[in-house]
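Residue numbers (our numbering): 11 to 79. Beta carbons are placed, not taken as given, at the ideal position from N, Cα and C, and that holds for glycine.
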Amino acid sequence: MSLNVKLIRIKKGLKQYELAEKVGISRYSLSALENGKVKHPSIKTMKKICKELDATPEELFFSDEKEEG
Numbered sequence: 011m012s013l014n015v016k017l018i019r020i021k022k023g024l025k026q027y028e029l030a031e032k033v034g035i036s037r038y039s040l041s042a043l044e045n046g047k048v049k050h051p052s053i054k055t056m057k058k059i060c061k062e063l064d065a066t067p068e069e070l071f072f073s074d075e076k077e078e079g
């Protein structure tokens, strides 16, 4: 589910630690989210990630679609 966070983060050219810092969470927390170990981030965290990646919650957390290519 949260693989889309990783794909969009990479597409935007952000390193994991950079996004984590901007969102105000640890790199380990972001890694757990991207790898599906955390399935339900807080709404506050979700909103911050959406803002930093300029994406909707649906695109990042609720879509099963994967990047083509």
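Using a threshold of 8 Å, state whether the C-beta atoms of Val-17 and Leu-29 are closer than that.
Along the sequence shown, one-based indexing puts residue 17 at 7. Along the sequence shown, one-based indexing puts residue 29 at 19. Looking at the sequence provided, one finds Leu at residue 17 rather than Val. Not closer than 8 Å, so no.
The alpha helix (DSSP H) spanning Glu-31 covers which residue range?
As a first step, residue 31 must be located in the sequence shown, where it is residue number 21. From DSSP, the alpha helix (DSSP H) with Glu-31 extends over 26–33.
Among Phe-72, Thr-55, Asn-45, whose alpha-carbon lies nearest the alpha-carbon of Gly-34?
As a position in the sequence shown, residue 34 is number 24, starting the count at 1. Checking every option, the nearest Cα to that of Gly-34 belongs to Thr-55.
Counting C-beta neighbours from all protein chains within 10 Å, is the total for Ile-53 16 or more, i.e. buried, or is it exposed?
Taking the sequence shown and counting its residues from 1, one reaches residue 53 at position 43. Per the 10 Å Cβ criterion, exposed.
My guess is that Leu-63 and Lys-22 are in contact by the Cβ rule of under 8 Å, so how many angstroms apart are they, rounded?
Stepping through the sequence shown from its first residue, residue 63 is reached at position 53. Stepping through the sequence shown from its first residue, residue 22 is reached at position 12. With 8 Å as the limit, Leu-63 and Lys-22 qualify as a contact, their Cβ atoms being about 6 Å apart.
Identify whether Lys-22 lies in helix, strand or coil by the three-state DSSP scheme.
Start at 1 with the first residue of the sequence shown, and residue 22 comes out as number 12. Coil, per DSSP.
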